[in-house]
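Structure record follows, encoded as structure tokens.
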Ligand SMILES: [Cu+2]
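Following this line, the structure appears as structure tokens:
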């Protein structure tokens, strides 16, 4: 029993320390500070195939902080509905699965790349943003980050 209590005490101590560490990241409230915590690079968009209106977006998201960050949504003037997707192997078939959010652990870099994690932009209309598509990445308890994604290929339609 005594050992159990000691153990419990340690667990409580650790979680309190984690809470304290979480303090500064909650205090981040402007975009210059958020850019020191999260580094988004190599953002690009594949335009829809001919006759379709679903585009996909890829990028690298690096969490430079000591805390987990949580990407909860993406918004953009080019699409009303943007989803985070992953590819999963279902037997020999590759299927896409919608994720409700994307956790990026402390110090981790998550690559959104073809064949893996990606963003899907439904009913995408890129025509007014051919020089760069603005994407707003919205994180839980953090300011949003605006990213400009380049068009990887010429738009077909
Ligand atoms: Cu998808």
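Numbering (this note's numbering), first residue to last: 12 to 168. Ideal Cβ positions, reconstructed from N, Cα and C, are used throughout, including at glycine. Values in this document were obtained by computation on a predicted structure and should not be read as measured data.
With a cut-off of 6 Å, give the chain-ordered residues whose Cβ is closer than this to any heavy atom of ligand 1.
-> Result (chain order): 96, 107, 129 and 131.
Using the beta-carbon count (16 or more within 10 Å), is residue 35 buried or exposed?
-> Annotation note: pLDDT 44 at residue 35 (below 50); position unreliable, coordinate value reported separately. So residue 35 counts as exposed.
Closest to residue 81 by CA distance: which of 100, 98, 110 and 132 is it?
-> 110
Which class does residue 114 belong to by DSSP, given the choice of helix, strand or coil?
-> Residue 114 carries a strand assignment under DSSP once its states are collapsed to helix, strand and coil.
Round the Cβ separation of residue 49 and residue 156 to the nearest angstrom and send it over; I've been treating them as touching at under 8 Å.
-> 6 Å
Would you call residue 100 buried or exposed, if buried means 16 or more other Cβ atoms sit within 10 Å of its Cβ?
-> Of the residues assessed, residue 100 falls on the exposed side of the cut-off, its CB having fewer than 16 other CB atoms within 10 angstroms.
Is residue 124 near residue 74, with beta carbons less than 8 Å apart?
-> Result no, Cβ atoms of residue 124 and residue 74 do not sit closer than 8 Å.
Contact check, residue 95 vs residue 130 under 8 Å by CB: the rounded distance?
-> 6 Å
Alpha carbon to alpha carbon, how far is residue 113 from residue 120? Give it in angstroms, no decimals.
-> 12 Å
Nearest CA to the CA of residue 136: which residue from 104, 57 and 41?
-> 57
Check residue 10 in the structure and name its three-state DSSP category.
-> Limits of the chain in this structure are 12 at one end and 168 at the other, which puts residue 10 out of reach.
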